[in-house]
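*Asks:*
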Amino acid sequence: MRTKRIVTALVGALGLLDGGARAIAQTTPPCSDATLFPNPVYMTGSSAFAPTLARLALQTSAQTPPVTIIYKTSASCDGANAIVSQGPLTGNADYFAPNPAISETSPLPYVIKKCNLDTDTPKALIGVSDVAFQTCNGTAPPATIGEFTGPVQAMVFVVPAANKTTTAISAEQAAAIYGCGQTSGVATFTDETAIQQRSATSGTQRMIASYIGVDPAAWKGKNNSGSGDMVNSLLAVSDPMKAIGILALDYYATPPNPTKLNLLAFRGFLQSKAYYPSSVPGALDMINVRDGHYVIQAPMHLWAAVNQNGSVVRPLARKMIDWMQGNPVAPEDELPFDINEVYAKAGVVPKCAMKVMRKTDGGPFFPYVPDKPPCGCFYESKATGIAVPSGCVPCKDAKDCRGQQVCSFGFCEGP
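Quick note on this note's numbering: the sequence shown kicks off at 447 and runs consecutively.
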């Protein structure tokens, strides 16, 4: 098979997590220090979701009282199993602080620092995954564990920026590369030391596996323990034309990735063309994710201990999940920050901006009507920085909108 040149440019304004954003202190404080980390919410799981959590953490730590996200990066399925087993968290974890010196070389609003878990060995309150519990373990979660969904995340294939030839990949080509390795016959992707995979417990790998038909435990290529390792391995391949890997879009969207990696358009089985996550190269509207043309996508999954009524047991875990789902803590309350804007800036999609959803990982799309006020135009505005995106009509109330449309988040939404 030959790699098809289907699309010729890449999505811009995206980046890499392990660049100027990461700042590790010379001394690592204990995560249990309440003066540094008030009201800690210990979370573990997907390395791919860390950039989104970093932006969320800036909001939660600014509340009164502040809530601190402490994140032990592992893998999606490890996040699920940590909540079930309730084993202690050990080693170092990440916490997130405002970037005191935003600049061209350090453009992110946050820095990532380390604290040490070993003095207290806490247990995770929330597990985080790119895929469902069923996808990880083959069963539904125990009755004592609640599964909640968050924003929709896309997974992407990437190659080093020096590769200007490969601009798109089909499901068949990806299946040959990751299922056959050195015998794939796909362009230059036959060197199994240059083909980069994650692991069978990675949500990124499991999600993509469900769209290319290759068991995640049978993938060919070099294993990488996290998204940062994936990027480093791709850039270390001596011949960039041989290197290919996988990332979550929000991880890829963290500077300075666009100067280092190219994102590939993807053509799924039975599709006639390949699509980028957004409408055109360089756009950030995520329209092809939102309407289902870009198929490698799924909502984030959050796990926490629940009681017999299905309510989250631990108050801080319940508050965090409510914030992540856009639910006020009490019906009469307003959210203390705009979670939809947080997601728009991070490169993930809140459900209120989606037009399709799935019931299972890799399953068929069905038309989706949000159970909260729709926010498609608002999302586009915040994600792209365009005050009034194309096709959107600003409004103050329903009288400014036509027919059955509603005025939602300052824009007319609906048929």
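Here a beta-carbon is modelled for each residue, glycine too, at the ideal position from N, C-alpha and C.
Helix, strand or coil, according to DSSP, for residue 607 in the structure here?
*Replies:* What you label residue 607 is simply residue 161 of the sequence shown in a count that begins at 1. Looking at residue 607 - three-state DSSP - the assignment turns out to be coil, as it is neither helix nor strand.
*Asks:* In the DSSP assignment, find the unbroken alpha helix (DSSP H) run with residue 650 in it and report its ends.
*Replies:* Locating residue 650 in the sequence shown gives position 204, counting from the first residue. Its alpha helix (DSSP H) spans residues 649-658.
*Asks:* Taking 8 Å as the cut-off, decide whether the C-beta atoms of residue 790 and residue 825 are in contact.
*Replies:* Along the sequence shown, read from residue 1 onward, the residue named residue 790 stands at position 344. Along the sequence shown, read from residue 1 onward, the residue named residue 825 stands at position 379. Against a cut-off of 8 Å, the Cβ pair of residue 825 and residue 790 comes out as a contact.
*Asks:* With which residues is residue 745 paired in a DSSP beta bridge?
*Replies:* Translated into the one-based positions of the sequence shown, residue 745 becomes position 299. BP columns for residue 745 point to 598.
*Asks:* For residue 858, write down the residues that DSSP places opposite it in a beta bridge.
*Replies:* Numbered from 1 along the sequence shown, position 412 holds the residue referred to as residue 858. Paired residue(s): 853.
*Asks:* What residue from 705, 819 and 848 has the CA that sits closest to residue 855's CA?
*Replies:* What you label residue 855 is simply residue 409 of the sequence shown in a count that begins at 1. Comparing Cα-Cα distances from residue 855 to each of 705, 819 and 848, the minimum goes to 819.
*Asks:* For residue 772 and residue 800, what's the separation of their Cα atoms in angstroms?
*Replies:* By 1-based counting over the sequence shown, the position of residue 772 is 326. By 1-based counting over the sequence shown, the position of residue 800 is 354. Distance between the alpha carbons of residue 772 and residue 800 is about 14 Å.
*Asks:* Assign residue 756 to one of three DSSP states: helix, strand, or coil.
*Replies:* Here residue 756 is taken as the residue at index 310 of the sequence shown, counted from 1. Reduced to three states, the DSSP call for residue 756 is coil.
*Asks:* Use the C-beta contact count for residue 610: other C-beta atoms within 10 angstroms, 16 or more gives buried, fewer gives exposed.
*Replies:* Your numbering for residue 610 matches position 164 in the sequence shown. Burial call: exposed.
*Asks:* What does DSSP give as the partner residue(s) for residue 803 in the beta ladder?
*Replies:* If you number the sequence shown from 1, residue 803 lands on position 357. DSSP lists 812 as partners of residue 803.
*Asks:* Is the stretch 627-645 touching the stretch 669-677 in the sense that three or more CB pairs, one from each, lie closer than 8 Å?
*Replies:* The stretch 669-677 vs the stretch 627-645: in contact.
*Asks:* Report yes if the C-beta distance between residue 725 and residue 522 is below 8 Å; otherwise report no.
*Replies:* Walking along the sequence shown from the start, residue 725 turns up at place 279. Walking along the sequence shown from the start, residue 522 turns up at place 76. In this structure, residue 522 does not lie closer than 8 Å to residue 725 by Cβ.
*Asks:* To the nearest angstrom, report how far apart residue 699 and residue 478 are at their CA atoms.
*Replies:* Within the sequence shown, the letter at position 253 stands for residue 699. Within the sequence shown, the letter at position 32 stands for residue 478. So the alpha carbons of these two residues sit roughly 31 Å apart.
*Asks:* Are residue 795 and residue 736 touching if we call contact CB-CB under 8 Å?
*Replies:* Position 349 of the sequence shown, counted from the first residue, corresponds to residue 795. Position 290 of the sequence shown, counted from the first residue, corresponds to residue 736. Yes, the pair counts as a contact, with Cβ atoms nearer than the cut-off.
*Asks:* Taking residue 864 and residue 601 to be in contact with their CB atoms under 8 Å, please state how far apart those CB atoms are, rounded to whole angstroms.
*Replies:* The structure shown has nothing for residue 864, since the chain only spans 447 to 861.
*Asks:* Take every Cβ of the stretch 742-755, pair it with every Cβ of the stretch 583-595, and state whether three or more of those distances are shorter than 8 Å.
*Replies:* Segments in contact, yes.
*Asks:* Helix, strand or coil for residue 549 per DSSP?
*Replies:* The residue labelled residue 549 in the question sits at position 103 within the sequence shown. Residue 549: coil per DSSP, three-state reduction.
*Asks:* Of the residues 544, 487 and 569, which one's Cα is nearest the Cα of residue 536?
*Replies:* As a first step, residue 536 is located in the sequence shown; it is residue number 90 there, counting from the start. Taking only the C-alpha atoms, the option nearest residue 536 is 569.
*Asks:* Hey, is the stretch 675-695 in contact with the stretch 632-639, meaning 3+ C-beta pairs nearer than 8 Å?
*Replies:* Short answer: they touch.
*Asks:* Quick one: is residue 848 buried, meaning 16 or more other Cβ sit within 10 Å of its Cβ, or exposed?
*Replies:* Residue 848 sits at position 402 when you count from the first residue of the sequence shown. Residue 848 is exposed by the Cβ-count criterion.
*Asks:* Do you know offhand how far residue 619's Cα is from residue 551's?
*Replies:* What you label residue 619 is simply residue 173 of the sequence shown in a count that begins at 1. What you label residue 551 is simply residue 105 of the sequence shown in a count that begins at 1. Using only the alpha carbons, I get a separation of about 36 Å.
*Asks:* For residue 467 and residue 511, what's the separation of their Cα atoms in angstroms?
*Replies:* To locate residue 467, count along the sequence shown from 1; it is residue 21. To locate residue 511, count along the sequence shown from 1; it is residue 65. The predicted model places residue 467 with a pLDDT of 42, which falls under 50 and marks its position as unreliable, so this point remains unresolved.
*Asks:* List the residues that DSSP assigns as beta-bridge partners of residue 408.
*Replies:* No answer is possible for residue 408: it lies beyond the span of the chain, which begins at 447 and ends at 861.
*Asks:* Indicate the three-state DSSP secondary structure (helix, strand or coil) for residue 847 in the structure shown.
*Replies:* To locate residue 847, count along the sequence shown from 1; it is residue 401. It is coil, neither helix nor strand.
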